[in-house]
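Have a look at the structure below before the remarks.
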């Protein structure tokens with residue numbers, strides 16, 4: 001069975017666990033006397049081997065407020081670990097990342113609230129998620145979560161970050177709790193048609209997103225609010241195809257791909273000067289991708305596909321057009337001969353004629369007909385960056401090959 | 001006054017009239033004892049100087065039928081003029097063209113019917129048209145018709161033949177009879193919005209054409225049924241512009257035009273082997289122009305304009321595209337992820353991906369992406385022809401220059 005094979009790879013051993021416990025011992029000592037708890041997939045037992053961060057939350061009374069967390073609490077934590085290898089990171093508010101023996105530990109200050117629906121910052125809900133999941137998943141259930149996570153990683157729909165807009169770990173856990181096991185989740189997902197409602201609890205709000213999983217610990221929140229329709233659709237199709245023809249390729253796509261350049265492909269290589277938060281950079285990259293596509297279409301190009309990939313500093317945007325030569329001039333459709341506006345049209349236009357339909361037509365010059373210029377103009381990054389751009393001739397780059405091939409290897 | 005100047009040029013002198021009368025004397029002798037009459041603009045006194053054919057109709061009792069006209073009557077006429085310079089021509093049925101001193105005389109066999117609405121062939125109505133016009137137009141009215149004819153010739157909307165799809169001589173006469181004079185026709189035409197109804201008599205049928213002038217001698221027929229909307233619109237616009245700013249340019253467009261090539265312009269030069277009737281050839285040319293435009297659009301080209309010009313043997317079709325490079329591949333939009341048809345789509349397509357909207361997309365190869373091939377394939381001529389085609393670089397050809405400029409010189 002494929003799934004057993006996969007579990008052998010992804011299920012942590014006792015040794016893996018001990019390694020992480022050893023790291024945690026160091027952190028526990030440092031946070032002595034603080035109100036802290038281990039959260040996240042390690043605590044819930046749904047983590048993947050060699051593929052996890054450890055989340056340690058430090059709680060403060062809710063009355064201290066957000067600003068206390070961001071200054072005093074953070075400073076206290078930093079003082080306790082400053083001799084270790086650490087960096088500062090930002091989500092809704094700042095937290096500390098400590099690296100010990102190549103294990104990443106996120107130390108997150110949070111407010112202690114009475115229940116999930118009383119959360120003041122997004123992270124305050126986390127201990128309630130932990131409680132909900134640990135009390136609803138048995139040992140087999142944890143492995144089912146692991147399979148689902150790895151499957152979603154394999155097909156590229158795992159990760160709540162803006163860059164992915166995929167499923168969070170918590171979402172995979174809720175799916176397993178709701179449907180029972182990995183196979184059952186796939187069976188149901190293969191039949192999805194949005195809006196999809198998965199109600200472990202009654203929603204306390206009307207949600208408009210395509211996939212709706214009201215949070216059992218805070219039912220006015222949709223756990224999968226940020227999952228894109230593209231990822232929902234991809235997951236549904238992958239589920240259908242996996243059930244028909246299970247293969248390790250879904251979990252660990254490995255095939256090297258090759259494809260020729262079809263149409264005209266513009267490659268934009270961006271190099272960001274400053275280090276910014278991933279979600280901030282990718283928010284801007286996603287906006288840029290949309291703007292580039294919209295602008296090119298507006299200028300008359302037929303766009304096949306625009307995609308972006310990369311990390312937080314080196315980003316590639318690929319723009320695929322049916323043709324980069326759309327011509328300098330375009331047909332301009334004017335008013336009917338009996339319209340009040342014909343004199344204005346005739347005055348403002350050149351190359352005017354009357355069509356068989358009684359309308360006036362003219363030829364107009366495009367304001368811009370160089371796709372490269374249009375694409376570059378529509379990159380909206382708030383940090384400084386260098387850009388290198390070229391029309392693709394041929395390539396060895398596997399990422400570009402994937403962009404050209406498009407079809408996922410697990411599909412065909 | 002412009003119009004007086006124009007009349008000086010177009011109004012025949014006594015000498016012109018005598019010249020034609022001399023030609024007619026020869027024809028009258030030849031048709032001795034037949035029931036013949038002079039019809040057409042010469043008879044009606046609405047002909048233009050150095051710009052007329054003479055129509056002579058030979059009438060037979062209506063009981064002899066169409067076939068008698070086409071054989072016996074025609075042969076009799078030919079026998080009488082066979083020593084002169086003559087050719088055979090075809091409209092609804094055959095007639096004889098005799099050339100005497102560079103004056104063209106059309107000798108047309110027709111059936112003698114009691115009234116216009118009893119016409120068996122289209123030409124049987126003609127003597128009733130002649131009677132109607134001569135009894136409704138005075139001398140000044142005839143000059144007004146001449147002005148209107150010359151104006152329509154100048155702007156290219158005169159001529160009932162399929163090649164032009166413009167106004168017939170009879171239509172111009174009815175317009176003057178209805179509105180009173182040339183200026184009044186223009187004033188009204190400048191305000192036209194189709195459907196336009198000009199009722200010298202109550203229509204005996206519901207007409208669907210944009211311009212409706214029920215024939216006073218046969219009210220179930222629309223005199224302007226064959227006038228294209230393009231010509232109606234052109235006439236309306238020209239009327240409006242002439243009234244604002246009268247100029248000889250409307251009557252005798254003379255300006256040499258120049259224009260650069262905008263977009264990609266394909267020139268197709270057709271040379272027809274056989275001599276065919278103009279209306280038959282131009283029916284096929286018009287169909288070809290439409291087919292070329294439709295096919296190019298269907299294959300994904302953005303068509304600016306397709307036009308044809310020439311005579312009955314040498315015809316030019318010009319095809320203007322925004323760009324001839326539309327690329328070998330195109331974006332193919334597939335079904336939503338939840339559709340029954342996705343498996344079929346995935347099986348039949350390559351380069352498949354899921355879009356942000358949850359749809360499947362793929363890249364497809366165009367069956368044809370060479371505009372020249374598509375244009376040539378869509379020429380539907382039933383006679384043999386040679387074709388020469390090329391992408392326009394630059395030209396001295398005034399017809400091509402006019403095609404490139406488009407804007408009529410009288411407009412701007």
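Chains as they are written, first to last, in UniProt numbering: chain D, 1 to 412; chain E, 1 to 412.
Ideal Cβ placement from N, Cα and C applies to all residues, glycine included.
All figures in this text were calculated on a predicted structure; none of them were measured in a lab.
Exercise. Does the beta carbon of residue 351 of chain E sit closer than 8 Å to a beta carbon anywhere in chain A?
Worked result: The structure shown contains no chain A; its protein chains are D and E.
Exercise. Rounded to a whole number of angstroms, what is the C-alpha to C-alpha distance between residue 406 of chain E and residue 262 of chain E?
Worked result: As a working note, residue 406 of chain E is residue 406 in the second chain. As a working note, residue 262 of chain E is residue 262 in the second chain. Rounded to the nearest angstrom, the two C-alpha atoms are 11 Å apart.
Exercise. Which residue's Cα is closest to the Cα of residue 326 of chain D: D/225, D/245, D/365, D/80?
Worked result: On the first chain, residue 326 of chain D is found 326 positions in, with the first residue counted as 1. Of the listed residues, the one whose Cα sits closest to residue 326 of chain D is D/365.
Problem set entry | Rounded straight-line distance, which links the Cα of residue 115 of chain D to that of residue 204 of chain D | As a first step, residue 204 of chain D must be located in the first chain, where it is residue number 204. As a first step, residue 115 of chain D must be located in the first chain, where it is residue number 115. If I take the Cα positions, the gap works out to 15 Å.
Exercise. Taking Cβ positions only, does residue 193 of chain D come closer than 8 Å to chain E?
Worked result: Reading the first chain from its first residue, position 193 is the one you call residue 193 of chain D. Cβ-Cβ to chain E under 8 Å: yes for residue 193 of chain D.
For this session: Report the residues of the segment 311 to 335 of chain D with a CB closer than 9 Å to any CB of chain E, ordered along the chain.
Result: 320, 321, 322, 323, 324, 325, 326, 327, 328, 329, 330, 331
Problem set entry | Under 7 Å from the C-beta of residue 230 of chain D: neighbouring residues of chain E | Start at 1 with the first residue of the first chain, and residue 230 of chain D comes out as number 230. Per Cβ cutoff of 7 Å: 354, 355, 356, 358.
For this session: Report, in whole angstroms, the separation of the C-beta atoms of residue 359 of chain D and residue 336 of chain D, which I expect to be a contact under 8 Å.
Result: Taking the first chain and counting its residues from 1, the one referred to as residue 359 of chain D is at position 359. Taking the first chain and counting its residues from 1, the one referred to as residue 336 of chain D is at position 336. Contact flag correct, Cβ pair sits at about 6 Å.
Problem set entry | Residues near residue 330 of chain E in its chain [Cβ-Cβ closer than 7 Å; skip 5 each side] | Position 330 of the second chain, counted from the first residue, corresponds to residue 330 of chain E. Excluding positions up to five away in sequence, the list reads 300, 364, 366.
Exercise. Between the segment 155 to 173 of chain D and chain E, which residues of the former have CB atoms less than 7 Å from a CB of the latter, in chain order?
Worked result: none
Exercise. How many angstroms separate the CA atom of residue 148 of chain E from the CA atom of residue 230 of chain E?
Worked result: Walking along the second chain from the start, residue 148 of chain E turns up at place 148. Walking along the second chain from the start, residue 230 of chain E turns up at place 230. One C-alpha to the other measures close to 18 Å.
For this session: Determine the chain D residues that contact residue 407 of chain E at a beta-carbon separation under 9 Å, and present them in chain order.
Result: Within the second chain, residue 407 of chain E is the residue found at index 407, counting from 1. Result: 346, 349, 350, 351, 352, 353, 362.
For this session: Identify which residue in D/410, D/53, D/332, D/340 has its Cα closest to the Cα of residue 99 of chain D.
Result: In the first chain, counting from the first residue as 1, residue 99 of chain D sits at position 99. Closest by alpha carbon: D/53.
Exercise. Can the beta-carbon of residue 268 of chain D be found less than 8 Å from the beta-carbon of residue 316 of chain D?
Worked result: Stepping through the first chain from its first residue, residue 268 of chain D is reached at position 268. Stepping through the first chain from its first residue, residue 316 of chain D is reached at position 316. The answer is yes: Cβ separation under 8 Å.
Problem set entry | 8 Å Cβ shell around residue 292 of chain E - same chain, five flanking residues per side excluded | Taking the first residue of the second chain as 1, we reach residue 292 of chain E at position 292. Within the same chain, residue 292 of chain E has close Cβ partners 306, 317, 319, 374, 375, 378, 379.
Problem set entry | Proximity below 8 Å, CB of residue 129 of chain D to CB of residue 38 of chain D | Numbered from its first residue, the first chain carries residue 129 of chain D at position 129. Numbered from its first residue, the first chain carries residue 38 of chain D at position 38. No, these two residues do not count as a Cβ contact at 8 Å.
For this session: List the residues of chain E that residue 233 of chain D touches, going by C-beta distances under 9 Å, in chain order.
Result: By one-based count along the first chain, residue 233 of chain D stands at place 233. By Cβ distance, chain E contributes 336, 337, 338, 354, 355, 357, 358, 359, 360.
Exercise. Can you list the alpha helix (DSSP H) stretches of 4 or more residues lying completely in the segment 339 to 394 of chain E, in chain order?
Worked result: 342 to 348, 371 to 377
Exercise. Excluding sequence positions up to five away, which residues of its chain have a Cβ less than 7 Å from the Cβ of residue 189 of chain E?
Worked result: In the second chain, counting from the first residue as 1, residue 189 of chain E sits at position 189. Excluding residues within five positions, the ones whose Cβ falls inside 7 Å are 235, 236, 239.
Exercise. Should the segment 343 to 362 of chain D be called in touch with the segment 240 to 247 of chain D, which here means at least 3 C-beta pairs below 8 Å?
Worked result: no
Exercise. Which residues mark the beginning and the end of the alpha helix (DSSP H) in which residue 126 of chain E is found?
Worked result: By 1-based counting over the second chain, the position of residue 126 of chain E is 126. 126 to 136 is the span of the alpha helix (DSSP H), which, as asked, contains residue 126 of chain E.
For this session: Note the first and the last residue of the continuous alpha helix (DSSP H) segment covering residue 167 of chain E.
Result: In the second chain, the residue the question calls residue 167 of chain E occupies position 167. First-last for residue 167 of chain E: undefined, no H or E at that position.
For this session: Take every Cβ of the segment 269 to 285 of chain E, pair it with every Cβ of the segment 382 to 390 of chain E, and state whether three or more of those distances are shorter than 8 Å.
Result: yes
Exercise. Which residue's Cα is closest to the Cα of residue 282 of chain E: E/314, E/256, E/255?
Worked result: Locating residue 282 of chain E in the second chain gives position 282, counting from the first residue. Closest option to residue 282 of chain E, Cα to Cα, is E/314.
Exercise. Going along the chain, which unbroken runs of the beta strand (DSSP E) with 3 or more residues stay wholly within the segment 59 to 128 of chain E?
Worked result: 85 to 90, 94 to 100, 103 to 112
Problem set entry | Range covered by the alpha helix (DSSP H) that runs through residue 23 of chain D | As a position in the first chain, residue 23 of chain D is number 23, starting the count at 1. Its alpha helix (DSSP H) spans residues 14 to 30.
Exercise. Going by alpha carbons, who is nearest to residue 25 of chain E out of E/47, E/91, E/101?
Worked result: The residue given as residue 25 of chain E occupies position 25 in the second chain. Ranking E/47, E/91, E/101 by Cα distance to residue 25 of chain E puts E/101 first.
Problem set entry | residue 36 of chain E, DSSP secondary structure in three states | Counted from its first residue, the second chain places residue 36 of chain E at position 36. Strand.
For this session: For chain D, find out if any of its Cβ atoms is closer than 8 Å to the Cβ of residue 397 of chain E; answer yes or no.
Result: Taking the first residue of the second chain as position 1, residue 397 of chain E is located at position 397. Not closer than 8 Å to any Cβ of chain D, the Cβ of residue 397 of chain E fails to qualify, so no.
Exercise. Should residue 240 of chain D be listed as close to the ligand SAH, given that the test is whether its C-beta is under 7 Å from any heavy atom?
Worked result: The ligand SAH is not part of this structure, which contains no ligands at all.
For this session: Please check if any C-beta of chain E sits within less than 8 Å of the C-beta of residue 297 of chain D.
Result: Sequence index remark: in the first chain, residue 297 of chain D carries index 297 (1-based). It does not; no Cβ of chain E falls within 8 Å.
Exercise. Residues of chain E with a CB under 8 Å from the CB of residue 236 of chain D: which are they?
Worked result: The residue you call residue 236 of chain D lines up with position 236 of the first chain. By Cβ distance, chain E contributes 337, 338.
Exercise. Can you list the alpha helix (DSSP H) stretches of 4 or more residues lying completely in the segment 221 to 288 of chain D, in chain order?
Worked result: 229 to 244
Problem set entry | Interface residues of the segment 259 to 273 of chain E facing chain D [CB-CB below 8 Å] | 259, 262, 263, 264
Exercise. Looking at residue 251 of chain E and residue 6 of chain E, is the spacing between their C-beta atoms short of 8 Å?
Worked result: Start at 1 with the first residue of the second chain, and residue 6 of chain E comes out as number 6. Start at 1 with the first residue of the second chain, and residue 251 of chain E comes out as number 251. Yes, they are a contact pair.
Exercise. Should residue 289 of chain D and residue 401 of chain D be called a contact, given that it needs their Cβ atoms to be closer than 8 Å?
Worked result: Taking the first residue of the first chain as 1, we reach residue 289 of chain D at position 289. Taking the first residue of the first chain as 1, we reach residue 401 of chain D at position 401. No, they are not a contact pair.
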